[in-house]
Every structure is written in C-alpha cells, then in structure tokens.
Amino acid sequence: MAAVPGTSSHGGKYQGREVFALDVANWQALARGNPSLAWSRFVALMTIVGLTIDFLKPREQWYVGDFNPAWTVPTFGAVAINPGTTNRPTDVHKEDEMALTRWASTGAVFVLGYEKIYYVNDPARVGTLEKRHGPIIECSNDDFTVQLQSENIPRASVEAVLRAAAQGTDGRFWSRLTAEGIAIRGEQDQTQATLEQVQKVALAIKAASS
Numbered sequence: 210m211a212a213v214p215g216t217s218s219h220g221g222k223y224q225g226r227e228v229f230a231l232d233v234a235n236w237q238a239l240a241r242g243n244p245s246l247a248w249s250r251f252v253a254l255m256t257i258v259g260l261t262i263d264f265l266k267p268r269e270q271w272y273v274g275d276f277n278p279a280w281t282v283p284t285f286g287a288v289a290i291n292p293g294t295t296n297r298p299t300d301v302h303k304e305d306e307m308a309l310t311r312w313a314s315t316g317a318v319f320v321l322g323y324e325k326i327y328y329v330n331d332p333a334r335v336g337t338l339e340k341r342h343g344p345i346i347e348c349s350n351d352d353f354t355v356q357l358q359s360e361n362i363p364r365a366s367v368e369a370v371l372r373a374a375a376q377g378t379d380g381r382f383w384s385r386l387t388a389e390g391i392a393i394r395g396e397q398d399q400t401q402a403t404l405e406q407v408q409k410v411a412l413a414i415k416a417a418s419s
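Numbering (my numbering), first residue to last: 210 to 419.
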C-alpha cells in the first residue's frame, strides 16, 4: 500500500487513483550523447505501452505510473518520435552534470562529470567555461579526492589528462565509456596512482608553464 495514503506514487492510490509505479533512471541509454532524443524515445515508448509520465510534476524523469485497471493489456498505439517538440526533463540527470573545478594546491582546472574529466590547460578558457558550467569550484586535496570518488573517476585518468596522454584530439579528455573500449577497466583503477603522485605531475606542469 501507499507509504503515505493518497500521495505515494509507489502503489496503492495516488490522488484517489489506483497506481503502480516504477523508478526509471536509465532513459538516456536510448540515445547516448543526445538527451533530447533519448527523452523523446522514452516518452514515445511509455505512451505506446500505455504508461503515464509527468504525473508527479512536469517532465518528471524518475516515476512512470500504470493507472490502467489491473491485468489490462495495453493497445500499443502508434506514436511519433519528435525531439523538436518533446521536452527533456528539467532535472538534469547525473550523466549530464558537469562541474568546473580548480584543484587549489596545483592550480589545475578541470571540467568534471560522471566518469569523465577534461583538463583545461588554457586559463583564458575559464571565463567561457564558467558561463556554461557555472562558477569555478575551488577544491582542497580532500575535496578533490571526494569529487573524483563521487564521479567515479580514477586518479590514473587525472594524470593522463595532465600529461595530454588520454583521449580526444589533444589527449586531455578521459571518459570511462571510451576507455573501456581501449583497455581493461582494471587498468584505470584508482589504486594505480596515489593522489600525491598525481599532485607532483600537476605541480611540475604548473612550474614549467610559469
């Protein structure tokens, strides 16, 4: 039954209507790298099978509700996928979030996201990047470690982007999705390099450029 009668979205009743609801967090897999198209496809698929989206709030990305009578088989109607008219969620999924971060003890600036990192080696670009990602975040060693762990970024990849030995045309970008197609995941494990080792690389680069 509903955790809170009349308000819960996970079974029982929601606003007086019987509903069974599911949590959905991987809709972006429907079109990696194109959230608008992925959301459009997700909306279309849910509509086709007779499920309801947006019943908690507009463009709610987590809850999909089945308000159909019990044991009713959906009719599978035809739905057009039009990313130009179907909005994506206002709440950005973790895979889309990117933060502009300065590792204070080294001065190195990165753009960090879930399982991806880019080293900004040109200070002149910081202002432009702040307009896109928000104000730069100053991180101590401990803060930077927590950020790497929360975004599932191995320290070895930080060293790689600092050395321009990672991915992308300039070697300063790393993502696990790409890395796993190149090497075994264990090769990017955080135990390969300590924070102190990576910090030395960053400080050496800073000294060489000053």
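In this text, a Cβ means the ideal position worked out from N, Cα and C, and glycines have one as well.
{"Check": "C-alpha gap between V320 and V407, whole angstroms", "Outcome": "17 Å"}
{"Check": "Of the listed residues D232, A374, L309, V367, nearest to G336 (C-alpha basis)", "Outcome": "L309"}
{"Check": "Bounding residues of the beta strand (DSSP E) (the contiguous stretch that carries R311)", "Outcome": "307–312"}
{"Check": "Residues near A373 by beta carbon distance below 7 Å, same chain, minus five either side", "Outcome": "D379, G380, R381"}
{"Check": "Per DSSP, the bridge partner or partners of S384", "Outcome": "K325"}
{"Check": "Supposed close pair A247, L239 - CB separation, criterion 8 Å", "Outcome": "4 Å"}
{"Check": "Close beta carbons around R385, own chain, < 6 Å, minus the five adjacent residues each side", "Outcome": "E324"}
{"Check": "Straight-line gap, A411 to I346 (C-alpha atoms, nearest Å)", "Outcome": "17 Å"}
{"Check": "Run of the beta strand (DSSP E) containing V273, from where it starts to where it stops", "Outcome": "272–275"}
{"Check": "D300 burial status per 10 Å Cβ neighbour count (16 or more: buried)", "Outcome": "Its pLDDT being 46, under 50, D300 is placed unreliably in this model, and the value from its coordinates should be taken loosely. D300 comes out exposed."}
{"Check": "N350 versus W312: straight-line alpha-carbon distance, rounded", "Outcome": "7 Å"}
{"Check": "Neighbourhood of Q356 by C-beta distance below 7 Å, restricted to the same chain and skipping five residues each side", "Outcome": "T310, L321, C348"}
{"Check": "R334 - partner residues in DSSP beta bridges", "Outcome": "Note: R334 sits in no beta bridge, so no partner."}
{"Check": "One or two residues paired with E227 in a DSSP bridge", "Outcome": "K222"}
{"Check": "Rounded C-alpha distance that separates I257 from Y223", "Outcome": "22 Å"}
{"Check": "Proximity test, N350 beta-carbon vs the ligand ADP heavy atom, cut-off 6 Å", "Outcome": "Only the bare structure without any ligand can be found here, which leaves the ligand ADP out of the picture."}
{"Check": "V273 versus G225: straight-line alpha-carbon distance, rounded", "Outcome": "17 Å"}
{"Check": "Nearest-angstrom Cβ-Cβ length linking T315 and K415, presumed shorter than 8 Å", "Outcome": "6 Å"}
{"Check": "Nearest-angstrom Cβ-Cβ length linking R366 and I326, presumed shorter than 8 Å", "Outcome": "Note that residue 366 is Ser in the sequence shown here, rather than Arg. Contact flag correct, Cβ pair sits at about 6 Å."}
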